[in-house]
Structure formats: C-alpha cells, structure tokens
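S.K.:
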Amino acid sequence: MSFTESTLPTDFDRLPAGSTIRHILLGRPSDIRQTIHLLHNLRYVETSQWSTLIEVPDNRLILRPDADQMISMLVRRL
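According to the working numbering, the sequence shown is numbered sequentially starting from 2.
(1) By how many angstroms is the C-alpha of A18 removed from the C-alpha of L56?
(2) Taking the alpha-carbon positions, what's the I72 to T53 distance?
(3) Express the C-alpha separation of R23 and D67 in angstroms, rounding to a whole number.
(4) Whole angstroms is fine: what's the gap from V76's alpha carbon to D69's?
(5) Quick check on I37: buried or exposed, where buried means 16 or more other Cβ atoms within 10 Å of its Cβ?
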C-alpha cells in the first residue's frame, strides 16, 4: 500500500501536548536509511532528527519503558 499526503489522516502528526513516542528502526543499515528517507518524503519527520546508526553489541538490545508505556511492533518486508 502506498501513502500520499492526501491519504494520511488529518491528525496524523498530532499527539497530546507533552506526550512523546519513541520510534526504533531495527534492520540492515541500508534498509534503515531507506525507511528514514521514506518517512521524510511522507513529511512525517526530518531526516536530521534521527540519531546516527548505532551498533547493537553482541546482538543484545534492552528497552526500558516507563511504567505506563507499552510496545507495538510492525515487521515489514522491503
């Protein structure tokens, strides 16, 4: 499915004041860069707002959510 600006919900980029959400891209560096540019082209986020690529040492990753936070995950084939 392809998205254009006209097909995005009008409140797509609005979160309640003071709320935050963390976006984590996990994959091959080229796939991460492609996704970052896609999100930029969709006018969701500027490419400069992403961190540099961070290596995951020993294939270990620990996420520490706040007590009231949950997680949702999407796996998408490119």
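Note that CB positions come from ideal geometry on N, CA and C, so glycine has one too.
As the structure is a computational prediction, the values presented were derived from the model and not from experiment.
M.R.: So, from the data block:
(1) Looking up residue 56 in the sequence shown gives position 55. Looking up residue 18 in the sequence shown gives position 17. Sequence inspection shows Glu at residue 56; the Leu mentioned does not correspond to that position. About 32 Å.
(2) Position 71 of the sequence shown holds residue 72. Position 52 of the sequence shown holds residue 53. One C-alpha to the other measures close to 23 Å.
(3) In the sequence shown, counting from the first residue as 1, residue 67 sits at position 66. In the sequence shown, counting from the first residue as 1, residue 23 sits at position 22. The alpha-carbon atoms of D67 and R23 are separated by roughly 12 Å.
(4) Translated into the one-based positions of the sequence shown, residue 76 becomes position 75. Translated into the one-based positions of the sequence shown, residue 69 becomes position 68. The straight-line gap from Cα to Cα measures roughly 24 Å.
(5) Counting from 1 along the sequence shown, the entry for residue 37 is found at position 36. Buried, since its Cβ has 16 or more Cβ neighbours within 10 Å.
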